[in-house]
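Numbers given in the working numbering equal positions in the sequence shown, counted from 1, plus 5.
We treat Cβ as the ideally placed atom computed from N, Cα and C, and that holds for glycine.
Predicted, not measured: the structure shown is a model, and the values here were computed from it.
Take a look at the structure below.
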Amino acid sequence: MSIIEQLFGVDERRRTRRMTHNHRHLELRVKGEKAQIINISGQGIRFIVGSHHKGSELELEITGNRWTQRLVARKIWSESVGPKHQVMGVQILQAFEKVELARAS
6 MSIIEQLFGV DERRRTRRMT HNHRHLELRV KGEKAQIINI SGQGIRFIVG
56 SHHKGSELEL EITGNRWTQR LVARKIWSES VGPKHQVMGV QILQAFEKVE
106 LARAS
């Protein structure tokens, strides 16, 4: 714990490293709406979504080249960015089994 954390009683919220690989090949949907991933860590995801989602629990679906996975996440924070967009940080609560997608022929 740093001296600042000790003085102010704050804790480092980021317990796991952010993944550094390219997220362009991943697609994220929040309650069915496409979102843009900013970064992913071992515990959560930060993303931009086009509408404001109320409530603290969200259903997410993340899709790669040949797989998709449903997630349940808790909204930790959110901030409006312009009139129609919101940047949001969520903590993953539950990950369902990954589903392999059929290869395109």
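Handout entry: Bridge partners - Arg-51, DSSP secondary structure assignment
Key = Note: Arg-51 sits in a beta bridge opposite Asn-44 and Gly-94.
Handout entry: Span of the beta strand (DSSP E), counted from its first residue to its last, around Val-86
Key = Val-86 -> no beta strand (DSSP E), and no H or E assigned at all.
Problem - 7 Å CB neighbourhood of Leu-63 in its chain, flanking five on each side removed - result: Contacts found: Val-35, Lys-36, Ala-78, Lys-80 and Val-95.
Handout entry: Arg-71, DSSP secondary structure in three states
Key = Correct three-state label for Arg-71: coil.
Practice task
Determine the extent of the beta strand (DSSP E) in which Leu-106 is found, giving its start and end residues.
Solution key: Careful: Leu-106 lies outside any beta strand (DSSP E) and carries neither H nor E.
Practice task
Return the bridge partner residues of Glu-80 from the DSSP annotation.
Solution key: Residue identity differs from the one stated: residue 80 is Lys in this sequence, not Glu. In the DSSP assignment, the residues bridged to Lys-80 are Val-95.
Exercise for the section: Mind checking which residues open and close the beta strand (DSSP E) that includes Leu-33? Expected result: That run of the beta strand (DSSP E) goes 32-35.
Practice task
Specify whether the segment 89-103 and the segment 51-71 touch according to this definition: at least 3 beta carbon pairs, one from each stretch, less than 8 Å apart.
Solution key: Contact holds between the segment 89-103 and the segment 51-71, because three or more Cβ pairs, one in each stretch, are under 8 Å apart.
Exercise for the section: Would you kindly work out how many angstroms separate the C-alpha atoms of Asn-70 and Val-86, rounded to a whole number? Expected result: Answer to the nearest angstrom: the Cα atoms are 29 Å apart.
Practice task
Quickly, what does DSSP pair Lys-39 with across the bridge? List them, please.
Solution key: Answer is Arg-34.
Handout entry: Through-space distance from Ala-100 to Ser-46, alpha-carbon basis
Key = Between the alpha carbons of Ser-46 and Ala-100 lies a gap of roughly 14 Å.
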